[in-house]
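Only one structure is covered here, and it is reproduced in the block below.
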Amino acid sequence: MKQFLMICGVAMGVATMGQAQTNGLGPAELPAAGFDGREYTDSRGCVFLRSTFGGEVAWVPRYGPDRQPVCDGTPSMAAQAEVAPQAAAAPREAPRPAPAARVAQPRAAAAPARTPRRPALPRADASGRHPSCPASAPFGQLVDTTLGRPLVRCVTSPALFLDPIQNGPSLAPHAPIALPDGGARRSQVAPDRPAGMSGRRVQVGSFAVAENATRLRARLQRSGLPAQVHRAREYNVVTLGPFAHPSEAQYALASVRGMGFSDAFIRR
């Protein structure tokens, strides 16, 4: 009889628990599967007691002295906020090595412009004899010419060398000139003096071609200089003058040399 009563009591308890779960007396949400506490408080604060029968777990409301469910507790399981896993921080780039400083290469100094060197002319010996001069006029002296290079003026005697004070030959103006490269020699030819000519004259140049002498005479005359052409043997000689005063001849000489005729000289 006692055994029967016990079975009935258990059955009634289970029925009560099942009725509590289905009548809305159960927890608002069941605890997590791993929860093993004897007492559970849902999110409403209502307290439930664990009851196990036949391997089944049921949560039975806890009643107070007033026979009302106790709902003033602290929830056992706080609501779990879904926290998105933080994205893995991107790996930091290793700092790039700073570019190596460029060392300025020293610039090679510009080579100075080369000045064309004039060919060295053989020098006269102590007596004045020059190897470039012929035996008929063995004495040589360097003179500047309109060719832009010095030439050797050959004379028969050192006494006939150019007078540096007069800036031109005062004697033997027909002396041959030896070219330093061994080329043909040319002579400064003194024109035959026409009758009635007196005073100093400036000899500008001698030409084998008469037309060249005529053009030079016209050019000098356009510059206001008294130019003439005289025939001297096989040459056409251009002269200025005659000049009665030495200063006039010197002025005419300076004028034609300023025009580029550095071979010009004063003669009588």
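Here the sequence shown stands for residues -20 to -1, 1 to 248, where the numbers follow mature numbering (1 follows the signal peptide of the UniProt record, and there is no 0). Using N, Cα and C, we set each Cβ at its ideal position, and we do this for glycine too.
Please state if the CB of residue j and the CB of residue i are separated by a distance shorter than 8 Å.
i: G14; j: S56; result: no
i: T219; j: R181; result: yes
i: F187; j: Y215; result: yes
i: Q183; j: A244; result: yes
i: P7; j: F28; result: yes
i: G53; j: T32; result: no
i: C26; j: P11; result: no
i: Q201; j: A207; result: yes
i: R199; j: V209; result: no
i: G221; j: A229; result: yes
Just curious, the beta strand (DSSP E) that residue i is in, first and last residue?
i: A234; result: Here A234 belongs to no beta strand (DSSP E); instead the alpha helix (DSSP H) covers 226 to 238.
i: P222; result: 215 to 223
i: P49; result: No beta strand (DSSP E) contains P49, which DSSP labels as neither H nor E.
i: Y43; result: It is not in any beta strand (DSSP E) - Y43 carries neither H nor E in the DSSP assignment.
i: T21; result: 19 to 21
i: F33; result: 27 to 33
i: H110; result: Here H110 belongs to no beta strand (DSSP E), and DSSP marks it neither H nor E.
i: S186; result: 180 to 187
i: F241; result: No beta strand (DSSP E) contains F241, which DSSP labels as neither H nor E.
i: R211; result: 207 to 212
Taking the alpha helix (DSSP H) that residue i falls in, what are its first and last residues?
i: T194; result: 190 to 202
At a cut-off of 7 Å, would you count residue i as near the ligand FMN, judging by its Cβ distance to the nearest heavy atom?
i: E73; result: For the ligand FMN, the structure offers nothing, since it holds no ligand at all.
Just to check my reading of the structure: residue i and residue j have Cβ atoms closer than 8 Å, yes? What is that Cβ distance to the nearest angstrom?
i: F241; j: G179; result: That pair is no contact at about 20 Å.
i: R24; j: C51; result: 6 Å
i: S235; j: L205; result: 6 Å
For residue i, which beta-bridge partners are listed by DSSP?
i: E36; result: F33
i: G120; result: C134
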